[in-house]
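Worksheet: one structure, shown below.
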Amino acid sequence: MSLKSDKRKTRRIECDIPVEVETVTGKLQDNVVIKNCSVNGLCFRGPATELSMKGQEIFLTFVVPGSEQVVKVLGWVVHQTQCDDTVDTGVTFMFLSQEYEMLLEQFAEFA
Numbered sequence: 535m536s537l538k539s540d541k542r543k544t545r546r547i548e549c550d551i552p553v554e555v556e557t558v559t560g561k562l563q564d565n566v567v568i569k570n571c572s573v574n575g576l577c578f579r580g581p582a583t584e585l586s587m588k589g590q591e592i593f594l595t596f597v598v599p600g601s602e603q604v605v606k607v608l609g610w611v612v613h614q615t616q617c618d619d620t621v622d623t624g625v626t627f628m629f630l631s632q633e634y635e636m637l638l639e640q641f642a643e644f645a
């Protein structure tokens, strides 16, 4: 894992973490992995579909490496970029509990 450097308020850590993605209508995406994350949001890569999720609220569930804790968070899709048969989706967290924030900060510190 490595640090992704850009103009973000918090540092994003490159990673490869399986994540379950669910829209408010209940549709799940399969074969999805987090490519980078921070305490403010993340970017995941999944199969390209015909439906754009930009602007949608989604639920994300994943386990932070080095812990057994399952993180469940509500996010807002801020961008999507298609790369051949996959799509990178950027998400801003809407309601991240203090417990999950501390867990992600620890992950970033030791990554």
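Position one of the sequence shown corresponds to residue 535 (the working numbering), numbered consecutively onward. Ideal Cβ positions, reconstructed from N, Cα and C, are used throughout, including at glycine.
Output the distance between the C-alpha atoms of residue 555 and residue 545, rounded to the nearest integer angstrom.
23 angstroms
Closest to residue 612 by C-alpha separation, out of 592, 553, 551 and 558, would be which residue?
The shortest Cα separation from residue 612 among 592, 553, 551 and 558 belongs to 592.
Do the CB positions of residue 641 and residue 547 come within less than 8 angstroms of each other?
yes
Who are residue 597's beta bridge partners in DSSP?
604.
Measure the C-alpha to C-alpha separation of residue 588 and residue 624 and round it to an integer number of angstroms.
9 angstroms
Return the chain-ordered list of same chain residues with a C-beta closer than 8 angstroms to the C-beta of residue 618, the five sequence neighbours on each side being excluded.
Cβ within range, chain order: 582.
Determine which residues share a DSSP beta bridge with residue 616 and list them.
621
Taking just the CA atoms, how far does residue 622 sit from residue 614?
If I take the Cα positions, the gap works out to 6 angstroms.
At what residues does the beta strand (DSSP E) containing residue 630 begin and finish?
From DSSP, residue 630 is part of no beta strand (DSSP E); its letter is neither H nor E.
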